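Novice: First the structure, which I've put down as structure tokens, then a few questions once you've had a look.
There are 2 protein chains.
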Amino acid sequence: MKTTLETIGIIHSPFKEKFGIPRQPGLVPEAVATLELLPPYDRPEAVAGLDGYSHVWIQFLFHRTMREQWQPTVRPPRLGGNRRVGVFASRSPFRPNPLGLSVMELRGVHCDRGVELELGGVDLLDGTPVVDIKPYVPYVDSIPDARGGFAPAAPERRLPVRFTPQAERQLRQRADGERVRELIRGLLEIDPRPAYRGEEEGERVFGMRLHDFDLRWRVMQGRVEVLELAAGY
Amino acid sequence: MKTTLETIGIIHSPFKEKFGIPRQPGLVPEAVATLELLPPYDRPEAVAGLDGYSHVWIQFLFHRTMREQWQPTVRPPRLGGNRRVGVFASRSPFRPNPLGLSVMELRGVHCDRGVELELGGVDLLDGTPVVDIKPYVPYVDSIPDARGGFAPAAPERRLPVRFTPQAERQLRQRADGERVRELIRGLLEIDPRPAYRGEEEGERVFGMRLHDFDLRWRVMQGRVEVLELAAGY
Chain A
1 MKTTLETIGI
11 IHSPFKEKFG
21 IPRQPGLVPE
31 AVATLELLPP
41 YDRPEAVAGL
51 DGYSHVWIQF
61 LFHRTMREQW
71 QPTVRPPRLG
81 GNRRVGVFAS
91 RSPFRPNPLG
101 LSVMELRGVH
111 CDRGVELELG
121 GVDLLDGTPV
131 VDIKPYVPYV
141 DSIPDARGGF
151 APAAPERRLP
161 VRFTPQAERQ
171 LRQRADGERV
181 RELIRGLLEI
191 DPRPAYRGEE
201 EGERVFGMRL
211 HDFDLRWRVM
221 QGRVEVLELA
231 AGY
Chain B
1 MKTTLETIGI
11 IHSPFKEKFG
21 IPRQPGLVPE
31 AVATLELLPP
41 YDRPEAVAGL
51 DGYSHVWIQF
61 LFHRTMREQW
71 QPTVRPPRLG
81 GNRRVGVFAS
91 RSPFRPNPLG
101 LSVMELRGVH
111 CDRGVELELG
121 GVDLLDGTPV
131 VDIKPYVPYV
141 DSIPDARGGF
151 APAAPERRLP
161 VRFTPQAERQ
171 LRQRADGERV
181 RELIRGLLEI
191 DPRPAYRGEE
201 EGERVFGMRL
211 HDFDLRWRVM
221 QGRVEVLELA
231 AGY
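As they're listed, the protein sequences go chains A and B. Here UniProt numbering is used: position 95 in the first sequence is 95, and no number is missing along the way. Here UniProt numbering is used: position 24 in the second sequence is 24, and no number is missing along the way.
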């Protein structure tokens, strides 16, 4: 049996590429995005009552990782990228059907122009197509005692993050500098580098596209140093 | 943007019609079903490691309620069927995309002939097409403090359930009689009648198709009386 899904909305997020996105929702509360409903779904009645919920499920498409061929196993970054598990035992984007599922904080419902949801703790690429929104119903969805396989707990290591004078200067020049600083801190303190390089440090400069800039940083002696917010890409 | 999903598996459950199915997963742990993976997805590698998890997300299609036209609002049974909320503020099966989402207990992974998952707390119709399986990751998915809108808690009222001598006799004639008795008790003590009839009682006999029989019961003075397991439909 085959079914066709239609995109009902689109994500506008600061994440312009896959590297650096938190690997699960909720890890970085400062990661805020909006979900814009598309016509004909952009009707205020369709979200009536949603503001009574603190969290929502977003069902989306992994639009950048769709593949012709599915593979029965994947290598989760959480396991260092060198152990394989079944695709159905993972939340990997490389799946038979490219369906994603993330719970997010619902920070606001705006119906002044079309319909927009303001979401927190986002782990989605800019431009992600959304196929459904459902309320998070805690008495059904929350199972605190569930057994968690190979990912039993949130990553605990939080690295201290400092900004170079150059990065500080670039942040001060932005109207949204304070918010961007907190986002950068949230993203880098959980160390977006692949787990198998967790202990490797040194001169290597990492970069990720964020908002309208290219964020550059390195990790030295267990600390993150934010080098610059390079312009233009 | 449109995407085509393929069915990866099929649910075999005791529920042969919509009436009487628990309105959320987990409410009736005795409701057990199997999920059979379909070719080419029925490969043991695809579920390797899944048995480390106690619960799974099942993403499925509401195959019996697909409609040509979507409606921006729905009337949830939980609100007595007479108040409307936005379709995206509900878990109603009548949605723009017919995607369902249920968390279930993973009771077993069987790979002897094809691949079958044994699921508990099921709220799915027999024959439901499944489009994805994901592990339940408690540190991400479990948010006990989430605010729950119009469905803040599980239904608390549990009705006492008694079986007439005829129903007892019919249960004793079945090899699976004990299991079926516990399933019936679990299903009826949470009162599957629509909320707007909650206080109405009397002579009316209700029926639901379950396994290979037609279950008949009534509610008298706050007690459920199981009348018979009528044969053949």
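Glycine included, C-beta positions come from ideal geometry on N, C-alpha and C. Computed from a prediction, not measured in an experiment: that's the story for all the values here.
Taking the alpha carbon of B:V131 as the point to measure from, which residue in A:V130, A:N97, A:Y139 and A:N82 has its own alpha carbon closest?
Specialist: Selected option, being the one with the closest Cα: A:N97.
Novice: Can you tell me where the alpha helix (DSSP H) holding A:R169 begins and where it ends?
Specialist: Looking at the DSSP string, the run of the alpha helix (DSSP H) that includes A:R169 is P165 to R172.
Novice: Taking C-beta pairs closer than 7 Å, name the residues in chain A that B:I133 reaches, listed in chain order.
Specialist: Near B:I133 (Cβ distances below 7 Å), the residues of chain A are F88.
Novice: Determine the chain B residues that contact A:D42 at a beta-carbon separation under 9 Å, and present them in chain order.
Specialist: Chain B residues near A:D42: none, gap ~10 Å exceeds 9 Å.
Novice: Secondary structure at A:R218, three-state DSSP: helix, strand or coil?
Specialist: Strand.
Novice: Taking a contact to mean a Cβ-Cβ separation below 8 Å, would you say B:L61 touches B:P138 in this structure?
Specialist: No, Cβ-Cβ distance for B:L61 and B:P138 is not below 8 Å.
Novice: Compare the C-beta of B:A154 against all C-beta atoms of chain A and say whether one is closer than 8 Å.
Specialist: Judged by the 8 Å Cβ criterion, B:A154 is in contact with chain A.
Novice: What residue from B:R157, B:E105 and B:R218 has the CA that sits closest to B:V136's CA?
Specialist: Sequence check: residue 136 of chain B is Tyr here, not Val. Considering only alpha carbons, the answer is B:E105.
Novice: Would A:A31 pass as a contact of A:G121 if the rule is Cβ separation under 8 Å?
Specialist: In contact: A:A31 and A:G121 (Cβ atoms closer than 8 Å).
Novice: Taking the continuous alpha helix (DSSP H) assigned at B:V180, which residues delimit it?
Specialist: Unbroken alpha helix (DSSP H) run through B:V180: G177 to E189.
Novice: Taking only the alpha-carbon atoms, compute the straight-line gap between B:R181 and B:A230 and give it to the nearest angstrom.
Specialist: Their backbone Cα atoms lie some 14 Å apart in a straight line.
Novice: Is the Cβ-Cβ distance between B:Q71 and B:L101 less than 8 Å?
Specialist: Cβ atoms of B:Q71 and B:L101: not closer than 8 Å.
Novice: So which residues of chain B does A:S142 contact, with C-beta pairs closer than 7 Å?
Specialist: What A:S142 touches in chain B: S142, I143, P144 and A146.
Novice: Could you list which residues in chain A have their beta carbon closer than 9 Å to that of B:K2, in chain order?
Specialist: Within chain A, the residues near B:K2 are T4, L5, E6 and T7.
Novice: From the DSSP output, in three-state form, read off B:P144 for me.
Specialist: The answer is coil: DSSP assigns B:P144 none of H, G, I, E or B.
Novice: Looking at chain A, which residues of the segment 50 to 80 of chain B have a Cβ within less than 7 Å of any of its Cβ atoms?
Specialist: Answer set for the segment 50 to 80 of chain B: L50, G52, Y53, S54, H55, W57, Q59, L61, P72 and T73.
Novice: Check this for me: beta carbons of B:K2 and B:R209, under 8 Å apart or not?
Specialist: For B:K2 and B:R209, no; Cβs fall outside 8 Å.
Novice: Of all the alpha helix (DSSP H) runs that stay within the bounds of the UniProt domain "TsaA-like" (5 to 145) of chain B, which reach a length of 4 or more residues?
Specialist: As far as the UniProt domain "TsaA-like" (5 to 145) of chain B is concerned, its whole alpha helix (DSSP H) runs of at least 4 residues are 138 to 141.
Novice: Who does B:R223 pair with in a DSSP beta bridge?
Specialist: Looking at the DSSP assignment, B:R223 forms a beta bridge with B:M220.
Novice: Output, in chain order, the set of chain B residues within a Cβ distance shorter than 9 Å of A:R113.
Specialist: None at all; the shortest Cβ gap to chain B is about 17 Å.
Novice: If you run the structure through DSSP and keep just helix, strand and coil, what is residue 240 of chain B?
Specialist: Within the shown structure, residues of chain B are numbered from 1 to 233, placing residue 240 of chain B beyond reach of any answer.
Novice: For A:A231, which beta-bridge partners are listed by DSSP?
Specialist: In the DSSP output, where bridge partners are listed per residue, A:A231 has A:F213.
Novice: If you draw a straight line from the alpha carbon of B:V219 to that of A:V47, how long is it in whole angstroms?
Specialist: B:V219 and A:V47: Cα-Cα distance of roughly 36 Å.
Novice: From A:I11, A:E6 and A:E116, pick the residue whose C-alpha is nearest to that of A:D123; which is it?
Specialist: Comparing Cα-Cα distances from A:D123 to each of A:I11, A:E6 and A:E116, the minimum goes to A:I11.
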